[in-house]
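Count along the sequence shown starting at 1, add 8, and that's the number in the working numbering.
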Amino acid sequence: MTTVLGYLIRRLGWAVVLFLIVTLYTYVLFFILPGNNQTVRRGFRTVQTPSSLRNDTAGDERLSLVHEYGTFVWRLVHGDLGNSRVTREPVTEMIARAAPVTGSLVLGGAVVWLLLAFPIGILSALRPRSLLDRAGMVFVLIGISAHPLWISLVLSYIFGFQLAFTPIGGYCSVFTATEACGGPVQWAYHLILPWIAFGVVFAAIYARMIRASIMETLDAEHVRTARAFGMSEWKILKSQVLRNALLPIVTMLGMDVGIAFSGAIFVERAFGLPGIGPLLFGSLARRDLPVILGIVVLVTTAILLFNLIVDLLYPLLDPRVRHIQTSTERAPRRARKERQPERAPATSP
9 MTTVLGYLIR RLGWAVVLFL IVTLYTYVLF FILPGNNQTV RRGFRTVQTP SSLRNDTAGD
69 ERLSLVHEYG TFVWRLVHGD LGNSRVTREP VTEMIARAAP VTGSLVLGGA VVWLLLAFPI
129 GILSALRPRS LLDRAGMVFV LIGISAHPLW ISLVLSYIFG FQLAFTPIGG YCSVFTATEA
189 CGGPVQWAYH LILPWIAFGV VFAAIYARMI RASIMETLDA EHVRTARAFG MSEWKILKSQ
249 VLRNALLPIV TMLGMDVGIA FSGAIFVERA FGLPGIGPLL FGSLARRDLP VILGIVVLVT
309 TAILLFNLIV DLLYPLLDPR VRHIQTSTER APRRARKERQ PERAPATSP
């Protein structure tokens, strides 16, 4: 228990450090860009000079970078992301409207992604060089070669425009239902094509990884020993192969969270979903720093949190990692005990 708690504390400490580095880098990058923040904030067609803009608004003083970043961190600790410099709307409310759209896209796309990747990867690994394996590899090749934006445009043209099976774009909330739009049915109906476009690319990548990992595990010595003892192939697959084959997949899941967000941005642009993607593009075009930082905070927190969950799950899947962590914790204590001199026994006079 002490080992797990210490490991968790160390990981949380590194997560905080990485979070501060990412937000500081975003702040510095914004300030070294050419242009004037005051002019961009009020619009390029304003007739006021930057000096008059600084004088007529007391809250828009141009502070130093260190002071402004410190103020941002202080407000962030208190749950305040500030207001947009363009619309004056609270950043928290803007992100709260867009985050459920992106979350719905990523979660639904992940379901499609896993439902496609695991069957294709497992069946291809169990029947290598068969017709099923070749068909799966064709799917993998197409999925890896295609971009989510291109897949989105093709799906919307075929199923939305030509066949009119699904809407071409738009979003309906799952929580609010109206006569025209809303509710779980309309929510899923509008997101079917975005889910497929998002999930196909990642399904192709992970199907290839699952196939390679299972084929490597099937050639391991303990699997050959299990076959020699007469264990059935299904039992070997369930108890010996899948658990070991999942280890690199779990590692890649933690690393691909950021890539998943970038893929979701392109899908949102293609289908006109009012998610984080359009909000980010609009904020970058207007150099709306509070909104950009709010999105960076959201995405960075999601990535760090997901990687922390993966780090905690990994020792549960692989007992060897748990043994290494325990040995690492015990080694310093053992070394200190060995360095302590032994006391000589007391002698009676």
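Even glycine gets a Cβ: it sits at the ideal position worked out from N, Cα and C.
Measuring alpha carbon to alpha carbon, tell me which of L297, Q248, L316 ends up nearest T259.
Along the sequence shown, one-based indexing puts residue 259 at 251. Cα-wise, what sits closest to T259 is L316.
Between the C-alpha atoms of V305 and Q170, what's the straight-line distance to the nearest angstrom?
Your numbering for residue 305 matches position 297 in the sequence shown. Your numbering for residue 170 matches position 162 in the sequence shown. Their backbone Cα atoms lie some 40 Å apart in a straight line.
Is the segment 246-256 touching the segment 154-169 in the sense that three or more CB pairs, one from each, lie closer than 8 Å?
no
Enclosing alpha helix (DSSP H) for E224 [first to last residue]
Taking the sequence shown and counting its residues from 1, one reaches residue 224 at position 216. Segment 191-226, the alpha helix (DSSP H) holding E224.
Using the DSSP secondary-structure output, state which residues sit across from N91 in a beta bridge.
Working through the sequence shown from its first residue, we reach residue 91 at position 83. Answer is P98.
Is the beta carbon of V249 sitting closer than 8 Å to the one on I311?
In the sequence shown, counting from the first residue as 1, residue 249 sits at position 241. In the sequence shown, counting from the first residue as 1, residue 311 sits at position 303. No, they are not a contact pair.
Buried/exposed call for T184, threshold 16 Cβ in 10 Å:
Translated into positions along the sequence shown, residue 184 becomes position 176. Exposed: under 16 other Cβ atoms inside 10 Å.
On a Cα-Cα basis, can you pick out the residue from P202, M145, R295 that is closest to L131?
Working through the sequence shown from its first residue, we reach residue 131 at position 123. For L131, the nearest C-alpha among the options comes from M145.
In the DSSP assignment, find the alpha helix (DSSP H) that holds T233 and state where it starts and stops.
Position 225 of the sequence shown, counting from 1, holds the residue named residue 233. Element bounds for T233: 229-236.
Put G8 into one of helix, strand or coil per three-state DSSP.
The chain is shown from 9 up to 357; residue 8 falls before or after that span and cannot be answered.
Does the beta-carbon of S270 have 16 or more other beta-carbons within 10 angstroms, so that it is buried, or is it exposed?
Taking the sequence shown and counting its residues from 1, one reaches residue 270 at position 262. With fewer than 16 Cβ atoms within 10 Å of its Cβ, S270 is classed as exposed.
Check the C-beta distance from L288 over to I273 and give it rounded, since I have them as a contact under 8 Å.
The residue given as residue 288 occupies position 280 in the sequence shown. The residue given as residue 273 occupies position 265 in the sequence shown. Going by Cβ atoms, the distance from L288 to I273 rounds to 7 Å, so yes, they are a contact pair.
Would you say T31 and L301 are within 8 Å of each other, going by their C-beta atoms?
Within the sequence shown, numbered from 1, the residue matching residue 31 stands at position 23. Within the sequence shown, numbered from 1, the residue matching residue 301 stands at position 293. In this structure, L301 lies closer than 8 Å to T31 by Cβ.
Residue burial classification, G129 (beta-carbon count within 10 angstroms, cutoff 16)
Stepping through the sequence shown from its first residue, residue 129 is reached at position 121. The residue is buried, with at least 16 neighbouring Cβ atoms inside 10 Å.
How far does the alpha helix (DSSP H) with D319 in it reach, from first residue to last?
Locating residue 319 in the sequence shown gives position 311, counting from the first residue. Residues 297-325.
Which class does R83 belong to by DSSP, given the choice of helix, strand or coil?
In the sequence shown, residue 83 corresponds to position 75, counting from 1. It is helical.
Does the Cβ of R93 have 16 or more other Cβ atoms within 10 Å, making it buried, or fewer, making it exposed?
Position 85 of the sequence shown holds residue 93. By the 10 Å Cβ count, R93 comes out buried.
Is the separation between the beta-carbon of E276 and that of L113 shorter than 8 Å?
Against the sequence shown, residue 276 aligns to sequence position 268. Against the sequence shown, residue 113 aligns to sequence position 105. Going by C-beta atoms, E276 is nearer than 8 Å to L113.
Below 6 Å CB to CB, which residues in the same chain sit around L20 once its five sequence neighbours on both sides are set aside?
For the purposes of this step, residue 20 is identified with residue 12 of the sequence shown, where counting begins at 1. Excluding sequence neighbours, L20 sits near nothing in its chain.
Where the alpha helix (DSSP H) through K246 begins and ends
Looking up residue 246 in the sequence shown gives position 238. First-last for K246: undefined, no H or E at that position.
Compare the Cα-Cα distances from Y77 to each of F314, L201, M102, I29 and report the closest residue.
Residue numbering aside, residue 77 sits at position 69 when the sequence shown is read from its first letter. Answer by Cα proximity: I29.
Might you give, ordered along the chain, the residues of its own chain that have their beta carbon closer than 8 Å to the beta carbon of V318, omitting 5 neighbours on each side?
Counting from 1 along the sequence shown, the entry for residue 318 is found at position 310. Answer for V318: V258, T259, L261, G262, listed in chain order.
Does G238 pass the burial test, meaning 16 or more other C-beta atoms within 10 Å, or should it be called exposed?
Taking the first residue of the sequence shown as position 1, residue 238 is located at position 230. G238 should be labelled exposed.
From which residue to which residue does the alpha helix (DSSP H) around P256 run?
Numbered from its first residue, the sequence shown carries residue 256 at position 248. Here the alpha helix (DSSP H) through P256 covers 250-263.
So, does the segment 207-215 touch the segment 145-159, judging by three or more C-beta pairs under 8 Å?
yes
Going straight from the alpha carbon of P175 to that of W195, what length do you get?
Your numbering for residue 175 matches position 167 in the sequence shown. Your numbering for residue 195 matches position 187 in the sequence shown. Between P175 and W195, the C-alpha separation is close to 11 Å.
Measuring alpha carbon to alpha carbon, tell me which of R294, L325, L122, R135 ends up nearest T95.
Sequence index remark: in the sequence shown, residue 95 carries index 87 (1-based). Nearest option by C-alpha distance: R294.
Have a look at L16 and C189 and give me their C-alpha separation to the nearest angstrom.
As a first step, residue 16 is located in the sequence shown; it is residue number 8 there, counting from the start. As a first step, residue 189 is located in the sequence shown; it is residue number 181 there, counting from the start. Distance between the alpha carbons of L16 and C189: 44 Å.
Endpoints, the alpha helix (DSSP H) within which F147 is located:
In the sequence shown, counting from the first residue as 1, residue 147 sits at position 139. Looking at the DSSP string, the run of the alpha helix (DSSP H) that includes F147 is 139-153.
Measuring only the C-alpha atoms, how far is L89 from I284?
Here residue 89 refers to the residue found at position 81 of the sequence shown. Here residue 284 refers to the residue found at position 276 of the sequence shown. Approximately 16 Å between the Cα atoms of the pair.
Limits of the alpha helix (DSSP H) - the one that L161 falls within:
Stepping through the sequence shown from its first residue, residue 161 is reached at position 153. It spans 156-163 - the alpha helix (DSSP H) in which L161 sits, taken as one unbroken run.
Can you give the Cα-Cα distance for H198 and Y179, rounded to whole angstroms?
Mapped onto the sequence shown, residue 198 falls at position 190. Mapped onto the sequence shown, residue 179 falls at position 171. The straight-line gap from Cα to Cα measures roughly 6 Å.
Buried or exposed, going by whether 16 or more other CB atoms sit within 10 Å of the CB of V24?
In the sequence shown, residue 24 corresponds to position 16, counting from 1. So V24 counts as exposed.
C-alpha gap between F27 and A118, whole angstroms:
Sequence index remark: in the sequence shown, residue 27 carries index 19 (1-based). Sequence index remark: in the sequence shown, residue 118 carries index 110 (1-based). If you take the alpha carbons of F27 and A118, they lie about 25 Å apart.
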